[in-house]
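Residue numbers (my numbering), protein chains in the order written: chain A, 229 to 486; chain B, 54 to 486. Idealized CB from N, CA, C, for every residue including glycine. Given the structure is predicted, the values throughout are model-derived calculations rather than measurements. Take a look at the structure below.
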Amino acid sequence: MTASVFFGCTFIAFGPAIALFLFTIAREPLRVIFLIAGAFFWLVSLLLSSLVWFISVQISNKDSAAQQKGLLIFGVVLSVLLQETFRFAYYKLLKKANEGLLALSQEETMPISIRQLAYVSGLGFGFMSGAFSVVNILADSVGPGTVGIHGDSQHYFLSSAFMTMAIILLHMFWGVVFFDACEKQRWWAVAAVVISHLVVSCLTFQNPEYVGSLVPTYIIMFLMGVWAFYSAGGSLRNLRLCLSCIDKDFLLANHRPR
Amino acid sequence: MNTSDSDDDFYNERTALVPSENPVVPSYKPDPDLTPTNSTPTTRVKPGASRRSGPACVDSGGSDQEVDADDEELTLKYGAKHVIMLFIPVTLCMVVVVATIKSVSFYTEKTDQQLIYTPFTENTPSVGLRLLNSVLNTIIMISVIVVMTIFLVVLYKYRCYKFIHGWLILSSLMLLFWFSFMYLGEVFKTYNLAVDYPTVGVIIWNFGAVGMICIHWKGPLQLQQAYLILISALMALVFIKYLPEWSAWVILGAISVYDLVAVLSPKGPLRMLVETAQERNEPIFPALIYSSAMVWTVGMASPVDAQRSEYETDEEAEQSAGRAEPESRRPRSGPDEELEEDRGVKLGLGDFIFYSVLVGKAAATGGDWETYIDSSFIIIWIGLCLTLLLLAIFKKALPALPISITFGLVFYFSTDFLVQPFMDNLAAHQFYI
Numbered sequence: 229m230t231a232s233v234f235f236g237c238t239f240i241a242f243g244p245a246i247a248l249f250l251f252t253i254a255r256e257p258l259r260v261i262f263l264i265a266g267a268f269f270w271l272v273s274l275l276l277s278s279l280v281w282f283i284s285v286q287i288s289n290k291d292s293a294a295q296q297k298g299l300l301i302f303g304v305v306l307s308v309l310l311q312e313t314f315r316f317a318y319y320k321l322l323k324k325a326n327e328g329l330l331a332l333s334q335e336e337t338m339p340i341s342i343r344q345l346a347y348v349s350g351l352g353f354g355f356m357s358g359a360f361s362v363v364n365i366l367a368d369s370v371g372p373g374t375v376g377i378h379g380d381s382q383h384y385f386l387s388s389a390f391m392t393m394a395i396i397l398l399h400m401f402w403g404v405v406f407f408d409a410c411e412k413q414r415w416w417a418v419a420a421v422v423i424s425h426l427v428v429s430c431l432t433f434q435n436p437e438y439v440g441s442l443v444p445t446y447i448i449m450f451l452m453g454v455w456a457f458y459s460a461g462g463s464l465r466n467l468r469l470c471l472s473c474i475d476k477d478f479l480l481a482n483h484r485p486r
Numbered sequence: 054m055n056t057s058d059s060d061d062d063f064y065n066e067r068t069a070l071v072p073s074e075n076p077v078v079p080s081y082k083p084d085p086d087l088t089p090t091n092s093t094p095t096t097r098v099k100p101g102a103s104r105r106s107g108p109a110c111v112d113s114g115g116s117d118q119e120v121d122a123d124d125e126e127l128t129l130k131y132g133a134k135h136v137i138m139l140f141i142p143v144t145l146c147m148v149v150v151v152a153t154i155k156s157v158s159f160y161t162e163k164t165d166q167q168l169i170y171t172p173f174t175e176n177t178p179s180v181g182l183r184l185l186n187s188v189l190n191t192i193i194m195i196s197v198i199v200v201m202t203i204f205l206v207v208l209y210k211y212r213c214y215k216f217i218h219g220w221l222i223l224s225s226l227m228l229l230f231w232f233s234f235m236y237l238g239e240v241f242k243t244y245n246l247a248v249d250y251p252t253v254g255v256i257i258w259n260f261g262a263v264g265m266i267c268i269h270w271k272g273p274l275q276l277q278q279a280y281l282i283l284i285s286a287l288m289a290l291v292f293i294k295y296l297p298e299w300s301a302w303v304i305l306g307a308i309s310v311y312d313l314v315a316v317l318s319p320k321g322p323l324r325m326l327v328e329t330a331q332e333r334n335e336p337i338f339p340a341l342i343y344s345s346a347m348v349w350t351v352g353m354a355s356p357v358d359a360q361r362s363e364y365e366t367d368e369e370a371e372q373s374a375g376r377a378e379p380e381s382r383r384p385r386s387g388p389d390e391e392l393e394e395d396r397g398v399k400l401g402l403g404d405f406i407f408y409s410v411l412v413g414k415a416a417a418t419g420g421d422w423e424t425y426i427d428s429s430f431i432i433i434w435i436g437l438c439l440t441l442l443l444l445a446i447f448k449k450a451l452p453a454l455p456i457s458i459t460f461g462l463v464f465y466f467s468t469d470f471l472v473q474p475f476m477d478n479l480a481a482h483q484f485y486i
């Protein structure tokens, strides 16, 4: 409960995402705009799911803790499904906008490709999701207090930060895989994304048994990362060329749309 | 403290003129119909730009085709660039306001002093009466603003420039010296710093004098932008402090409606102001507009040197607030290229002020952080994006307030009532969605 906890948890939670933003998105205004639009879509999905949850709570029995917990679980599942629905809606919107622009401009290439859009929209979803999950917790961590004084886990802040980082990166991977699957009409892949999102959220029901929730989440994150890498066109050869800096074309920092 | 009349004046003329101001880039497309010679600019908004594209049309001749084809892509790219150029100052202003609200408690202390424009108190026990009072306050405030705007437009129409200038100078004087003195005092009180009067005097004097020069005369662009952001933030803080709770929200809503009406309806005062300025090929006063780019044509051999008016900086601002054109891609002489790539967009200071009031109010009412992030940044960005998108489509001055403020209000209240409990419950159990 000091500044070091605050800064530590902030950097754990948002470090990779902010690094990604600074290095790949910040310089291109178009990408920034689509990132923000993605964040907005996530926000709307959250609003809808909270509306439904709120209504269900109002008509339920407020004294029964079990019922409230059940409603909360229902809220979580509904929220996940709504998020994925909005991801699909955003995809449709982007496709339409892109097609419209292409028709108008008679150019052959678009200023931003659908893969870049997948990446930035996934990251936009991730930013908002992470922000809403963890910012209140971070704000509390600056102030005085003792963690877990009533017998709860002492690792609340740290685990929240790690979970948030995983969720942000997962959203990005889900975005890439989702858009790619929609492009190629592979609906099983879309279903896999939705199911993995549900799995990750449901794993958090086990908190505070962090081993049960964090470890599988990270495993899923790595798997999704590999899947996103391959669906974005990566391969072992690319990776090797990039890492050994042999071919300048493959240097990620210099990557330009062709 | 009942603020004085001149106090009201300046925030009125800022709100009066400003909410409408997006006399921005009227066109993102080049004008293929411009004659090749330096013809007199007609009712085109940006005289400098049309003069500049004069020579371009001569050598562009056959590349008009290419121009059209690249048009949309460039429109998109430059449009995006302009959006970002406005995001940053708006965000900075909001950040300053939120940081102040969270740290300096003066601006959130309940006070019984109210502005004379909101005479009805909200300290009544019954909800109905409170609502009624806030609506009455709003009506008074908006009518004061309307009267001031019409007064300003009348003055402008009858070319009473000296009067207007005097008014603007007086109001920025008040803001830069008096309000910043108060602000500094409160910051020192919050952090328990003991500072003597001579030091404060020197600081405020320097701050104010440089500000006056930068805003009304010449100064480095970034310094001018910084000052405009600061005075918008100061004004927003004054509003947040002295407007009663519910009145502030109703006023925000009412002023977006007013903005819409004033800019878009044919007889709207702000529209008349913009049109008069366009007819006369004059810029709107620099103290009321934030411009994201200005080009110094001193020493450059360019057609713009031919016409220098007394409003030197304004003229330059006008020229620079021009279009993003494909011309910059053609090989051109050095200074001209520089001239064209530095174009920017303009946003009225009232827009800054009211965005920051929205954000600051959200921060001040003690909600959790999510509420600010939510209601403020993302929503205002989206609103600004949409407004600029509409600007690119319609190519004339548009009100910047309605979309952002409406979204902001809707999302703020819905987050406060709906999302807040949901997220709190989730965080308590550490569920993640």
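Handout entry: Cβ pair I282(B), C146(B) closer than 8 Å
Key = Within the second sequence, residue 282(B) is the residue found at index 229, counting from 1. Within the second sequence, residue 146(B) is the residue found at index 93, counting from 1. Yes.
Handout entry: Straight-line gap, I396(A) to M449(A) (C-alpha atoms, nearest Å)
Key = Here residue 396(A) corresponds to residue number 168 of the first sequence, with the count starting at 1. Here residue 449(A) corresponds to residue number 221 of the first sequence, with the count starting at 1. I396(A) and M449(A): Cα-Cα distance of roughly 10 Å.
Handout entry: Paired residues, beta bridge with K399(B) - DSSP
Key = For the purposes of this step, residue 399(B) is taken as the residue at position 346 of the second sequence. Partner(s): S344(B).
Practice task
Using a Cβ cut-off of 8 Å (strictly closer), state whether K399(B) contacts chain A.
Solution key: For the purposes of this step, residue 399(B) is identified with residue 346 of the second sequence, where counting begins at 1. Not an interface residue.
Exercise for the section: Would you identify the three-state DSSP class for T88(B), choosing helix, strand or coil? Expected result: By one-based count along the second sequence, residue 88(B) stands at place 35. Residue confidence for T88(B) is low, a pLDDT of 36 falling below 50, so the modelled location carries little weight and cannot support an answer.
Handout entry: Short CB-CB distance (under 8 Å) between V206(B) and chain A
Key = For this step, residue 206(B) is matched to residue 153 along the second sequence. Chain A contact via Cβ: absent.
Exercise for the section: Could you tell me which chain B residues have their CB closer than 9 Å to the CB of V304(A), listed as they occur along the chain? Expected result: For the purposes of this step, residue 304(A) is identified with residue 76 of the first sequence, where counting begins at 1. Near V304(A) (Cβ distances below 9 Å), the residues of chain B are L479, F484, Y485 and I486.
Exercise for the section: Answer with buried or exposed for I243(A), where buried requires no fewer than 16 other C-beta atoms within 10 angstroms of its C-beta. Expected result: As a first step, residue 243(A) is located in the first sequence; it is residue number 15 there, counting from the start. Going by the sequence as given, residue 243(A) is Gly instead of Ile. Exposed, because fewer than 16 other Cβ atoms sit within 10 Å of the Cβ of G243(A).
Practice task
Using a Cβ cut-off of 8 Å (strictly closer), state whether F475(B) contacts chain A.
Solution key: Stepping through the second sequence from its first residue, residue 475(B) is reached at position 422. For F475(B), the answer is yes, since a Cβ of chain A falls inside 8 Å of its Cβ.
Handout entry: Separation of V157(B) from Y26(B), as counted between CA atoms
Key = The structure shown does not extend to residue 26(B), since chain B is modelled only from 54 through 486, so no value can be given for it.
Practice task
Kindly list, in the order they appear in chain A, the residues whose Cβ is closer than 7 Å to that of S467(B).
Solution key: On the second sequence, residue 467(B) is found 414 positions in, with the first residue counted as 1. Within chain A, the residues near S467(B) are L275.
Problem - Three-state secondary structure assigned by DSSP to L471(B) - result: Along the second sequence, read from residue 1 onward, the residue named residue 471(B) stands at position 418. L471(B) falls in the helix class under three-state DSSP.
Handout entry: Buried or exposed (CB count within 10 angstroms, at least 16 for buried), S232(A)
Key = Walking along the first sequence from the start, residue 232(A) turns up at place 4. Label assigned to S232(A): exposed.
Practice task
Given a cut-off of 8 Å, decide if A265(A) and G352(A) are closer than it, judged by their beta-carbon atoms.
Solution key: Translated into the one-based positions of the first sequence, residue 352(A) becomes position 124. Translated into the one-based positions of the first sequence, residue 265(A) becomes position 37. Against a cut-off of 8 Å, the Cβ pair of A265(A) and G352(A) comes out as a contact.
Problem - Reduced DSSP category for D249(B) - H, G, I as helix; E, B as strand; rest coil - result: Within the second sequence, residue 249(B) is the residue found at index 196, counting from 1. Coil.
Handout entry: Chain-ordered neighbours of A133(B) on chain A, where CB pairs are closer than 7 Å
Key = For this step, residue 133(B) is matched to residue 80 along the second sequence. Under the 7 Å cutoff, chain A gives P257, L258 and I261.
Exercise for the section: Examine chain A for any beta-carbon lying closer than 8 Å to the beta-carbon of V136(B), and answer yes or no. Expected result: Taking the first residue of the second sequence as 1, we reach residue 136(B) at position 83. Answer yes: the Cβ-Cβ gap between V136(B) and chain A drops below 8 Å somewhere.
Practice task
Report yes or no: is there a C-beta of chain B within less than 8 Å of the C-beta of T238(A)?
Solution key: Here residue 238(A) is taken as the residue at index 10 of the first sequence, counted from 1. So, not an interface residue.
Handout entry: Distance between F466(B) and L442(A) (C-alpha atoms, nearest Å)
Key = Within the first sequence, the letter at position 214 stands for residue 442(A). Within the second sequence, the letter at position 413 stands for residue 466(B). Taking the straight line joining both Cα atoms gives about 34 Å.
Problem - Local conformation of F338(B) per DSSP, three classes - result: In the second sequence, residue 338(B) corresponds to position 285, counting from 1. F338(B): coil per DSSP, three-state reduction.
Exercise for the section: Have a look at G261(B) and I246(A) and give me their C-alpha separation to the nearest angstrom. Expected result: Here residue 261(B) is taken as the residue at index 208 of the second sequence, counted from 1. Here residue 246(A) is taken as the residue at index 18 of the first sequence, counted from 1. If you take the alpha carbons of G261(B) and I246(A), they lie about 37 Å apart.
Practice task
Label R315(A) either buried or exposed according to how many other C-beta atoms from any shown protein chain fall within 10 Å of its C-beta, with 16 as the threshold for buried.
Solution key: Translated into the one-based positions of the first sequence, residue 315(A) becomes position 87. Flag for R315(A) reads buried.
Practice task
Have a look at F488(A) and M400(A) and give me their C-alpha separation to the nearest angstrom.
Solution key: Nothing about residue 488(A) can be reported from this structure: the residues present for chain A run from 229 to 486 only.
Practice task
Can you tell me which of A346(B), P474(B), L411(B) and L205(B) puts its alpha carbon nearest to the alpha carbon of V151(B)?
Solution key: By 1-based counting over the second sequence, the position of residue 151(B) is 98. The candidate whose alpha carbon is nearest that of V151(B) is L411(B).
Exercise for the section: Work out the CA separation of F475(B) and V308(A) for me, nearest whole Å. Expected result: The sequence position of residue 308(A) within the first sequence is 80, counting from 1. The sequence position of residue 475(B) within the second sequence is 422, counting from 1. Roughly 14 Å between the two C-alpha positions.
Exercise for the section: Using 10 angstroms around the beta-carbon of I481(B), count the other beta-carbons present and answer buried if the total reaches 16, otherwise exposed. Expected result: In the second sequence, counting from the first residue as 1, residue 481(B) sits at position 428. The question names Ile, but residue 481(B) in the sequence shown is Ala. Label assigned to A481(B): exposed.
Practice task
Take every Cβ of the region 440–453 of chain B, pair it with every Cβ of the region 268–287 of chain A, and state whether three or more of those distances are shorter than 8 Å.
Solution key: no
Problem - Alpha-carbon to alpha-carbon, K399(B) and E335(B) - result: Start at 1 with the first residue of the second sequence, and residue 335(B) comes out as number 282. Start at 1 with the first residue of the second sequence, and residue 399(B) comes out as number 346. Cα to Cα, the separation comes out at about 15 Å.
Handout entry: Neighbourhood of V502(B) by C-beta, 8 Å cutoff - its chain only, sequence neighbours within 5 removed
Key = One cannot answer for residue 502(B) here, as it falls past the ends of chain B, which runs 54 to 486.
Practice task
Classify C267(B) as helix, strand or coil using the three-state DSSP reduction.
Solution key: By 1-based counting over the second sequence, the position of residue 267(B) is 214. C267(B) falls in the helix class under three-state DSSP.
Practice task
Determine whether the Cβ of W302(B) lies closer than 8 Å to any Cβ atom of chain A.
Solution key: Here the question's residue 302(B) lines up with position 249 in the second sequence. So no, W302(B) is outside the interface.
Problem - Under 7 Å from the C-beta of V472(B): neighbouring residues of chain A - result: Reading the second sequence from its first residue, position 419 is the one you call residue 472(B). Result: L274, L275 and S278.
Handout entry: DSSP-derived helix/strand/coil call for I340(A)
Key = Indexing the first sequence from 1 puts residue 340(A) at position 112. I340(A): coil per DSSP, three-state reduction.
Problem - Opening and closing residue of the alpha helix (DSSP H) in which G440(A) lies - result: Numbered from its first residue, the first sequence carries residue 440(A) at position 212. That run of the alpha helix (DSSP H) goes Y438 to S459.
Exercise for the section: Compute the Euclidean distance between the alpha carbons of Q166(B) and V463(B), then round it to the nearest angstrom. Expected result: Stepping through the second sequence from its first residue, residue 166(B) is reached at position 113. Stepping through the second sequence from its first residue, residue 463(B) is reached at position 410. For Q166(B) and V463(B), the distance between alpha carbons rounds to 29 Å.
Exercise for the section: Taking only the alpha-carbon atoms, compute the straight-line gap between A367(A) and F234(A) and give it to the nearest angstrom. Expected result: Mapped onto the first sequence, residue 367(A) falls at position 139. Mapped onto the first sequence, residue 234(A) falls at position 6. Approximately 8 Å between the Cα atoms of the pair.
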